[in-house]
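In short: position in the sequence shown from 1, add 6, done, that's the numbering used here. The structure appears below as C-alpha cells.
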Amino acid sequence: MDKRVSRQYFNDQAATWDETARNNDPLKLQALVNKLDLPTSGWILDVGTGTGVFLPYINGSVNGGCHLVSMDFALNMVTIAKKKQAEKGTEFICAEIESVRFVCGLFDAVICYSTFPHFHDKPRAMSNIYQCLKPGGSLYICHSASREQINQIHSKITDFNDHLIPEDHEMSDLMIASGFKNHQIQSTDRYYLVTAEK
C-alpha cells in the first residue's frame, strides 16, 4: 500500500466526495453513532474525518460538550470538513495517524469512521491511538456498511485492493498486540463496529 497514492486519490475525490460516497445515509449514520458510548465531556479524536460526514453526528451525540479534534491525511478533505464545521468549535489537523504525536493520554475516545482500511501501517496506527488515549479511554472502529460490502468496494478501486477490513481473528490479534483490552467485534450485514479500551 503506497500512502502517497492513497493521499492523492482522496485529495482528487474531495470536491465530489459528499455527492458520490456511499457512506452518508443519515439514518445509518445516526444509528451507528448511537452504538458508540461517547463521553459527554473531555476530548475526542476523529481519525480520517474525510469531508466531515460523521462530525455532526458525533457533536450531536455529545451535545457539544467535548473538545473534538478532527484529522485526515488529505488536505483537500480537511479543507472541506473545516468549512462545513466552521462554527462548531472543532479543531482540524492535516496529519496521518501513523506518524502524528499527541500528548500521551489526551483523549477520552478515538473514532475511526470509514478509515481503518486506509491506514498504510495498521499496527503503528493502533499503537499511536493507544498512546494518545487516557487509561480507560475507548477506541471505536466503525463503518455504516458490512465488512463484506466495504471490502468489495475497495477491491474494485485501482491500488485499493489491499485496503481491507481483516477477518475477526486478525482484528482481535491486532487489538491484543496493541495493548487494548475488552475488545468486541460486531460484524453484521448492516454495519461493522470494533470497540476496545485502554
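Glycine included, C-beta positions come from ideal geometry on N, C-alpha and C. Everything numeric in this text was worked out from a predicted model, so none of it was measured.
Check	Outcome
Other residues of its chain near S152: CB distance less than 8 Å, five sequence neighbours each side excluded	S193, T194, D195, R196, Y197 and Y198
Selected residue, minimal CA-CA separation from G70, among E25, L145 and L44	L44
For S144 and G110, the rounded distance between their alpha carbons	Checking the sequence shown, residue 110 turns out to be Cys, not Gly. If you take the alpha carbons of C110 and S144, they lie about 14 Å apart.
Exposure of N82, with buried meaning 16 or more beta-carbon neighbours within 10 Å	buried
7 Å Cβ shell around K41 - same chain, five flanking residues per side excluded	L199
E5 versus P172 - alpha carbon distance	Residue 5 lies beyond the residue range present for the chain, which begins at 7 and ends at 204; the question has no answer from this structure.
Nearest to A80 (by Cα), restricted to the options N65, I99 and G95	I99
Delimiting residues of the beta strand (DSSP E) encompassing H149	L139 to H149
Proximity below 8 Å, CB of E35 to CB of F60	Note that residue 35 corresponds to Leu in the displayed sequence, not to Glu. Yes, Cβ-Cβ distance for L35 and F60 is below 8 Å.
Own chain partners of Y119 with C-beta closer than 6 Å, once the 5 adjacent residues on each side are dropped	F60 and C148
S161 classed as buried or exposed, judged by whether at least 16 other C-beta atoms fall within 10 angstroms	exposed
Option in D31, Q19 and K204 with minimal Cα separation from I86	Q19
Helix, strand or coil at I159 [DSSP, three-state]	helix
Contacts around K9, its chain only, beta-carbon distance under 6 Å, and the 5 residues preceding and following it disregarded	H126
Whole-angstrom distance between S76 and P62, CA atom to CA atom	12 Å
N-terminal and C-terminal residue of the alpha helix (DSSP H) that S178 is part of	D174 to A183
Residues bridged to I117 [DSSP beta-bridge criterion]	D52 and Y146
Straight-line gap, E176 to F108 (C-alpha atoms, nearest Å)	27 Å
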